[in-house]
Structure formats: structure tokens, C-alpha cells
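Report on the structure given below.
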Amino acid sequence: MCAAGRRWGRRQRALLWAVLLAAWEAAWGQLRYSVPEEMPKGSFVGDVATDLGLQLPALSDRGVRVVSEGRTQYFSLHGKTGHLVTAERIDREQLCRLVEKCVLRCELIVEGEMKVYGIEVEITDINDNTPSFKDSDVEERIGETTAPGSRFPLARAYDSDSGRNSLQSYELSGDEHFSLAVQAGPGGDQRPELVLAKALDREEAAFHELVLRASDGGDPARTGTARIRVTVLDANDNAPVFSQAEYTVRVPEDVPVGSTLVTVTATDADDGLNGEIKYSLKKEADPGIFSLDYEAGAIILLQSLDFEEGYSYELEVQARDGGGLFDTLWINVTDANDNPPVFAQDRYRVSLREDAAPGSTVLNVSASDADAGNNAHITYGFGKMPAKVFKKFTVDAQRGTITLQEALDFEETRAFSLAVEATDGGGLVAHCKVEVEVLDVNDNPPEITVLSLSSPVPEDAPAGTMVALLNVNDPDSGENGQVSCELSGEAPLSIVAAPGGSYKVVTASALDREQASEHRVTVVARDRGRPALSSSAELVLEVSDVNDNAPVFEEAAYSAYVAENNAAGALLLRVQARDADAGANGRVSYWLAGGSAGARSLDYEQCREFSVEVRAQDGGAPARSSTATVRVFVLDRNDNAPRVLWPAAVAAPAEAAAVAPFEVVPRSAEAGYLVAKVLAVDADAGRNAWLSYELVQASEPALFRVGLHSGEVRTARAVSERDAAKQRLVAVVKDHGQPALSATATLHVVLAESLQEALPELSERAAGAEAAAAELQFYLVLALALLSALFVLSVALAVLARLRRAGPPAVLRCLGAQRFSVAGAAFPADFCEGTLPYSYNLCVAAPARAVPEAAWPPPPVPVLSAEELLGGDSCEKPSPKSIAVMEDVSVNHDAPQVFEALAPSLYSAVPGC
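In mature numbering (1 follows the signal peptide of the UniProt record, and there is no 0), the protein residues as written are -29 to -1, 1 to 884.
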């Protein structure tokens, strides 16, 4: 019971220490996690939000992100859960091949709070790599005379995993002639060796096939294999043997010279050079008679044979193989290769600066061999090593000098292990290890990485606002890797150090975009090496605009001069306001605050000048604006012809004789008598309104004259009895514009002593116009009747449809008993302004009896007497309709006095009557 309590107490204390450790690490901004390698992308690493106490809804607003050391981002932050996840598949062997504990470091940056948290993630190894040999097929060459017990180093297997997952054991299978021995190297590594267990005989078996198996300690274990093919090198242990012990050849004495007499053959069980046989003559009774082909074994006759001189020759032929053995019992004693080479040291250590030039000598290794001759000749070479080591170093095969081939890089590889082999002429090999330490040189300038850049920054940002976060790293070691930073350039910015080797660039004072829209500064990072190296990075900080400037016009008031009758929408004046802000804050829009001049054509006669207020407003929020006053002066053009007020122009030339005004001049008038005055006006101004008068046509040109500037028509001489009673004068009125405009006035003059004397002349003129007036009256009445009928019918149908239940239509109430006006003969007040067919100016008399047709209720019309008509002003635009209605008045017998009273005044007041 007590033991259980003590165990529970220890568990509680362990749990408490773990909680306290996690809280301490979180308080200091340092988190540690562990994750196996080869996890898929997006795998969970740790709950960063919970460990750091960050609220999930605020993660996206604060700008939280993860930045890994180096160029590759291995981790990222899940925005919804706050979990640290893998950004890609991580291979521990690729990242930390030579490191026992693989730790990746990254930083969690909370930009909104300007906090940086360090995170360490340990990558644990899994058994994902199989032990492998560099060459899956290995060939070994061993002489058949090699003594049993000889050892031959084999290629080692490599396993990128670590710990128990790394290489653990070797196993050999395949042949009884060989066994496996594993030796421990200086670093604790296992080195397999092939041991000859039984003597070899090439003639019995030229090749031996073996399988070397390497296994790791994983669960389940992984195994890699290499096939070893042992080639047995031939030894000259077999002498050539002739196919026959004695040859007997019979030849005639006349055999030609050069003939082959016999070919001897011998065989050798050895291979290669040892099996190549050369033939030679060792004993010859009579030299010079025969020759022997040393390769084919053919005996050739060199001289003619003479039976009388000799009939029998005895030759001794010797067959020698490439190893020096004959067909005799001679024994060739050769040296046996029983001593392998020996290095002066098993391990060499050398230091080499990383700036050593290619071609530099690294080290001289030497080995000795106790054998003699070819067996004592030693050649040097490299054993099994990674490919990149072969690229970096080379060894002289004869002298053992190791030379640097490629430049070294301390930051890439800090040490190399070279496996050097010494091989003698008999094939025996010795091994040694050369460890090359690379010494660091200050050859790397600091690396500046911009982690975050807040550009653009608003110009109203307060001093101390962080605008950039930098990471500075120097791959060198020691003082060569210690870095300091500073800013270069004129800008309101400063740089301060942050934890984890980071630096913050903050604003040192207020910003003003109108003075400088961007700031360019150079961040200079310098290490402490000798000589010191530095690097720089340019930061371009754009200042975003704030709407702190209102538009400003170039002038406070503008004046514009424009000629009248300009085209609608024509340009009057261009105003411009400038806003020092940018973008929408500096985009200026204009409004007219006092009118819409230019939207229609201007008329000097209606408006000679006016002022408008232009408002300029920018696009900021809130918007800022300013105003300017524009005063527009309208310039006159000669666009109005003179208008004759009296005598007024007639409506139609056909009626001119009947309705034209006239003047009565007594025949007793002397020269200079004022006949009439032509009245004309011009709506223009200045010279365009200066008028001049000229008489262009007259029945008696010498009788009348007109004043150039006054327009007075006077008699030029005294009136005589010979002058016609009716005179017609035409005067032209011109202005002084460019070009000049003109108008004509026609005046009829009756030469009579009194008005009664002129009436007969007027009656003749009225009779001539009666027929035309009657025809005109018929068309007027017809048109009026049609229009009235259509209008009344449309109104009646609409009103009756809507007021069916409301009683009789109101329009019928207009038709009372009093249908006609009871007033006497009268002229409507606006009889001079009528225009067909929509209005009619009538001069009518009151009817004597009721007419059955419907009539409009007459409006109140002022009644003008004959005296008022005679003394009144003439009309500007007389209407022939008035004359036509006057015909009806003349035939009204109920009021003859009115006609007589109106006639003189009508003719004098209405032109053309």
C-alpha cells in the first residue's frame, strides 16, 4: 500500500514538473515538438495556439505565420485550428545525414503584436531506408595459389537511418571456400572481410558466386544484398604437353624450300598467359636447314635436302608456356606473394582551409611490402566512398599523394573521411583512413531575408510602427558568423534587434506622402570576421495616401469671354484644381454650383454676363472640396437683322396691295414735307445696332427722299397735279455689322387733300382683295371646325367614361342660353400676334339673332373705338385672318356705323389692309 502511494506521488511530481517545464517554455516563447520523418503534408505537429495561449478567432486578424530557417518552409500554421502542421514531406536522412539528433527550428511571427516565438521540432527516425551497397554486383580477383586464411576487405553497406534502424550485421552465403569476418573500425563501424577458408584451383572452378547480406535493427528488419563474384586468377601450375612423344617424318629430297614438313602441337591446362605456348628449337644437328614457327609449331625447310649429305636429322623441339614452363622436367622457381602491403599509419589526420585552391596537396600516404619483384610493386587508390568525395580528392597511384580536385565549402561539409587502399602486384590490399578537417574561412557574407514588409504604410502611422521584419544569418562559424545591422539612407526609419537573430525596421518619426511618396533605405549587415564581410538589401517603403489635402484651384476667380450663338456644349473655359493627395484622394471631380452655362447656346440679347461657382471635390472619405468663381462675358454678334416697327411688313405679297398701310399727303405739300417716319430697331449692340436708311424704290423717285440716320420720309420737291394719286415707296434699313443685315419697309402714299378724297382709291383696293379674302375665310372656318370637332369628341368620350354615374358631363354645362356675345363690334387685344392654326385673332360684331350652332363662351375682350384704333400703335405682325373676318363685318347690316368707323383706323393700323 505504501509502495503504491510512493509510486503515485512520483507520478504526480513528474507530471507537475512536465507542466511547469511546458509553462516555462511557453512563457519564454520557446516550444519543442517531436514528429516522425516522412509524415505526409499537413500532418499534425503541435497545438501552437493552445501552448502559446492564442485565441483562434484572432489568429487571422493578427497576421500569424510560421517562418523556417533557410529557403525551404517545412512547417505552416493551420488558420482554423491553430495547429502547427508539416508543409511538405520531411526526409531526416536528407536534412541531418551526419547528425545524431535532427532538430529543425522555425519562428512563429505574430505581426499584429510584433512577437516572435521560437519553435524546435525534433525529427525522429523511422526505418524507411534499406541497407544498400554502392555496387550490387562486386567482383573480387584472387589467385589460385593464395594461402587459406587470407583476408580481403569487402564493400561496406550504407544505411541512412540512425540508432537501431541503422546497419547492424552482415551474413555471407554461397560457397565453402569462403567465410565472413567482421572487423570493428576506429569509429565503431563494421567492416566486412572475405576470408579464404579453402585453397582454390582455377582448373577445378574458375568462378565462385557468393551473396553478402546486410541487415539493420528495425522492426521489421530491412535487408540489402550484394552479389560477389570471385574470379580465380590462374597460376602457372601446368606445363605444356605434346600430343606425341616422338614424330617421324619421311620426305623426298627434292621437296621445295619453304615447305612445311611437320607441325607439332602441345596443350597447357592453364589459362591466359600461362596457357599460351611458344615453340622453339633447343637442339639442331645442322643449324640453318630448318626453322620453327614459334606460334604455330610448324617446321619449315630453309635449304634443299641432299640425301647424299645427310638423310637423317634429329631435332629437339621445346614447348614453353607464358609462365615459363617447358615440356621437360625443368622447374621454374618464382616468387610467391605472401606479404600484403603495410601503411605507415592506420589513420591520418590533416586540416585544410576551405579556401585551399584546387590542385593543392593534402597529404602523402606511404605503404611498404616485404615481398620482392612485381609482388612488391605498390599502387594506391581510393576504396568505397561517397561519390562527392571522389569529386573532391584524387590520389596518385604511384606516389600516394592525395590532391584536392574541387574547392571546399565549410558550410556544406566540415569533414571528409577518405578510404585509401594500397595494392601490391600480387593483388593483396591494405587499407588506411585519412580524416580531412575543413577549417572555416570568412568567405560568406551575411544573408538578409525579408520576413515581412508592410508596404505601403499609411502616412498617418505613428512613430514606432514596425514596417519590416528581417532575418540575418551568416553560415560561417565563430566570429565569422556574428552579425550586426544598420540602416543606410535618409529616411525616417530605424532598425532594432529582435529575439532569434531577427531585426525590426520601425518608423522613427511621422511620415508625409506629399513630401516623399516612398523611402528607400539599405540594410547593411556586417560580420566580425577579418576581414569583415558585409551584404546589403534595399527596402522600398511606399507611403500610402491619407486624404489630408483639399483641392486647390490655380486661381480664385476666372473670367471667360465667349461669343453668343455658340454651339450647345461648347467649351467656355477650362479650370483646374490640384490635389496633393494620390489615388482616389487626389482624383478631383468638378460641379457647377451656380448654373448650367454652356448647356445651351448663349444669346447676348438675353444675357450679357453671368457668374457661376465651380466646386472641386476629391474622392476621399470624407471628401474635401474648394470653390472658385467663374465670370462669363457674352460677346455680341451681328445675328439680328433690323426689325421694322412701322410700316409693318405684310403677311403675303398677294395681299400687299389690299392691306398695306398708307399715308395721305396733300397735293399742296411743299418740298421737305414730312410724309412718315420709318421706325426700326436692332436687337444687337454697338456697331451691329447702328442703322441707316435708304430709299431703293419709288413710283416717282424724284418726289420723295428718306433721312440716312433718322428714317424720315419727306418730299424732295413740291407735289404737282401731274403726280399719280397713289405712290409706293420701298426703303431699306441696314445695320453696320459684318456682314451687314437689312430689312425693307413698304409705304403707300395717297396724294389727296383729305381722307374723304382718298376713300375711292381705298375702295378699289378693297374690292380687288375681296375674292382672295373670301377664299381664305372658307379654309379657315373649315380647319377650325375640324379641329374643334375632334377635340370636343375626345374630351367628351374620356369624361363620359369616367363620370358615367356622376350625372351629365360638366362640359355640357357650358352650353347655356347665352351662347353669343352681345357686345358690339370689337378687336381682341392681341389681334396683332395671332398664328395659324392654333389661335385666331378675330374682329367680329355682335349677332342680331341666335344661331343654332354651338359656340365657345367668348372671353372678355376690350373694345377699341375707331378713334383709339386711329391713334394707337401699329401691329408688328398683322394677320390676314383679321382681314378675312372683316368681310363678315362689312356685310352685317345691323351695324354699318361700326364698319365705317373702323375702316379708316383698320387700314391705317393693320398693314396691307
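Backbone N, C-alpha and C define an ideal beta-carbon position, used for all residues, glycine too.
Using alpha carbons as the reference points, say which of Val454, Ala594, Ser530 lies closest to Asn518.
For the purposes of this step, residue 518 is taken as the residue at position 547 of the sequence shown. The candidate whose alpha carbon is nearest that of Asn518 is Ala594.
First through last residue of the alpha helix (DSSP H) which encompasses Phe361:
As a working note, residue 361 is residue 390 in the sequence shown. Element bounds for Phe361: 358 to 363.
One or two residues paired with Val391 in a DSSP bridge:
For the purposes of this step, residue 391 is taken as the residue at position 420 of the sequence shown. DSSP, once it has assigned bridges, lists Phe353, Cys403 as partnering Val391.
Kindly indicate which three-state DSSP category Ser133 falls into: helix, strand or coil?
Here residue 133 refers to the residue found at position 162 when the sequence shown is read from its first residue. Residue state, collapsed to three classes: coil.
On the criterion of 16 or more Cβ atoms from any shown chain inside 10 Å, does Gln369 qualify as buried, or is it exposed?
Along the sequence shown, one-based indexing puts residue 369 at 398. Exposed, by the Cβ-count rule.
At least three beta-carbon pairs within less than 8 Å, the stretch 163 to 181 to the stretch 142 to 155
yes
For residue 949 and Leu138, which I take to be in contact (beta-carbon distance under 8 Å), what is that distance rounded to the nearest angstrom?
Because the chain in this structure spans residues -29 to 884, residue 949 falls outside the shown range and cannot be described.
Local conformation of Gln274 per DSSP, three classes:
Residue numbering aside, residue 274 sits at position 303 when the sequence shown is read from its first letter. Three-state DSSP puts Gln274 in coil, outside helix and strand.
Could you check the C-alpha separation between Pro211 and Pro157 for me, to the nearest Å?
Taking the sequence shown and counting its residues from 1, one reaches residue 211 at position 240. Taking the sequence shown and counting its residues from 1, one reaches residue 157 at position 186. Between Pro211 and Pro157, the C-alpha separation is close to 50 Å.
In this structure, how does DSSP classify residue 888 when only helix, strand and coil are distinguished?
This structure does not reach residue 888, given that the chain is present from -29 up to 884, and the question cannot be answered.
Could you work out which residue in Ala267, Leu232, Gly259 is closest to Lys249 when comparing CA atoms only?
Residue numbering aside, residue 249 sits at position 278 when the sequence shown is read from its first letter. Minimum Cα distance to Lys249 is reached at Ala267.
Just verifying my parser: in three-state terms, what is the DSSP assignment at Tyr532?
Counting from one through the sequence shown, the residue named residue 532 turns up at place 561. It is a strand residue.
Whether Ser515 touches Pro427 by CB criterion (7 Å):
Taking the sequence shown and counting its residues from 1, one reaches residue 515 at position 544. Taking the sequence shown and counting its residues from 1, one reaches residue 427 at position 456. In this structure, Pro427 lies closer than 7 Å to Ser515 by Cβ.
In three-state terms, what does DSSP make of Tyr250?
Along the sequence shown, read from residue 1 onward, the residue named residue 250 stands at position 279. It is a strand residue.
Nearest-angstrom Cα distance between Ala20 and Phe361?
One-based indexing of the sequence shown puts residue 20 at position 49. One-based indexing of the sequence shown puts residue 361 at position 390. Distance between the alpha carbons of Ala20 and Phe361 is about 49 Å.
Would you call His680 buried or exposed, if buried means 16 or more other Cβ atoms sit within 10 Å of its Cβ?
Residue 680 sits at position 709 when you count from the first residue of the sequence shown. Exposed.
With DSSP run on the structure shown, which of helix, strand or coil describes Phe762?
Taking the first residue of the sequence shown as 1, we reach residue 762 at position 791. Helix at Phe762.
Would you grab the beta carbon distance between Arg491 and Glu509 for me? Rounded to a whole angstrom, and I think it's under 8 Å.
Residue numbering aside, residue 491 sits at position 520 when the sequence shown is read from its first letter. Residue numbering aside, residue 509 sits at position 538 when the sequence shown is read from its first letter. About 6 Å; that satisfies the 8 Å criterion.
Run through DSSP, which three-state label would Asn556 get?
Along the sequence shown, read from residue 1 onward, the residue named residue 556 stands at position 585. Helix.
For Ser275, count neighbouring C-beta atoms within 10 Å of its own C-beta (all shown protein chains included) and say buried if the count is 16 or more, exposed if not.
Taking the sequence shown and counting its residues from 1, one reaches residue 275 at position 304. Result: exposed.
Below 8 Å CB to CB, which residues in the same chain sit around Pro613 once its five sequence neighbours on both sides are set aside?
Numbered from its first residue, the sequence shown carries residue 613 at position 642. Here the set comprises Ala651, Val652, Asp653, Leu662, Val704, Lys705, Asp706, Leu712, Ser713, Ala714.
Would you check if the distance between the CB atom of Ala231 and the CB atom of Ile271 is smaller than 7 Å?
Taking the first residue of the sequence shown as 1, we reach residue 231 at position 260. Taking the first residue of the sequence shown as 1, we reach residue 271 at position 300. Note that residue 231 is Thr in the sequence shown here, rather than Ala. The answer is yes: Cβ separation under 7 Å.
Other residues of its chain near residue 911: CB distance less than 7 Å, five sequence neighbours each side excluded:
Nothing can be reported for residue 911: it is not among the residues displayed for the chain, which extend from -29 to 884.
When the distance is taken between beta carbons, is Gly682 closer than 7 Å to Phe721?
Position 750 of the sequence shown, counting from 1, holds the residue named residue 721. Position 711 of the sequence shown, counting from 1, holds the residue named residue 682. First, the residue type needs correcting, since residue 721 is Val and not Phe in the sequence shown. Their beta carbons are not under 7 Å apart, which means Val721 does not touch Gly682 by this criterion.
Ignore the nearest five residues each way along the sequence and tell me which others in Ala315's own chain have a CB closer than 6 Å to its CB.
Locating residue 315 in the sequence shown gives position 344, counting from the first residue. Cβ within range, chain order: Ser337.
Option nearest Val677 by Cα separation, candidates Arg658, Val690, Leu700, Ser388:
Here residue 677 is taken as the residue at index 706 of the sequence shown, counted from 1. Here the closest residue by C-alpha is Leu700.
Looking at C-alpha atoms only, which residue of Gln215, Pro191, Ser388, Tyr4 is the closest neighbour of Gly89?
Taking the sequence shown and counting its residues from 1, one reaches residue 89 at position 118. If we check each option's Cα against that of Gly89, Tyr4 comes out closest.
Restricting to runs no shorter than 3 residues, where is the beta strand (DSSP E) found entirely within the stretch 145 to 172?
149 to 155, 161 to 167
Of all the options Glu383, Leu389, His54, which has the alpha carbon lying nearest to the alpha carbon of residue 887?
Residue 887 lies beyond the range of the chain shown here (-29 to 884); nothing can be said about it.
Strictly by DSSP, which residues pair up with Met10?
For this step, residue 10 is matched to residue 39 along the sequence shown. Per DSSP, none; premise fails for Met10.
Which runs of the beta strand (DSSP E) fall wholly inside the stretch 639 to 683 and span at least 3 residues, in chain order?
645 to 648, 650 to 652, 662 to 669, 675 to 677
Taking the alpha-carbon positions, what's the Phe364 to Glu457 distance?
Here residue 364 refers to the residue found at position 393 of the sequence shown. Here residue 457 refers to the residue found at position 486 of the sequence shown. Cα-Cα distance, rounded: 42 Å.
Under the three-state DSSP convention, the category Gly471 falls into
Position 500 of the sequence shown, counted from the start, is the residue given in the question as residue 471. It is helical.
Contacts around Ser121, its chain only, beta-carbon distance under 6 Å, and the 5 residues preceding and following it disregarded:
If you number the sequence shown from 1, residue 121 lands on position 150. The answer, listed in chain order, is Leu167.
What's the gap between the Cα of Gly145 and the Cα of Glu180?
Locating residue 145 in the sequence shown gives position 174, counting from the first residue. Locating residue 180 in the sequence shown gives position 209, counting from the first residue. Whole-angstrom Cα-Cα distance: 6 Å.
Can you give the beta carbon distance from Asn609 to Gln709, rounded, assuming they're within the 8 Å contact cut?
Position 638 of the sequence shown, counted from the start, is the residue given in the question as residue 609. Position 738 of the sequence shown, counted from the start, is the residue given in the question as residue 709. With a Cβ gap of about 7 Å, Asn609 and Gln709 count as contacting.
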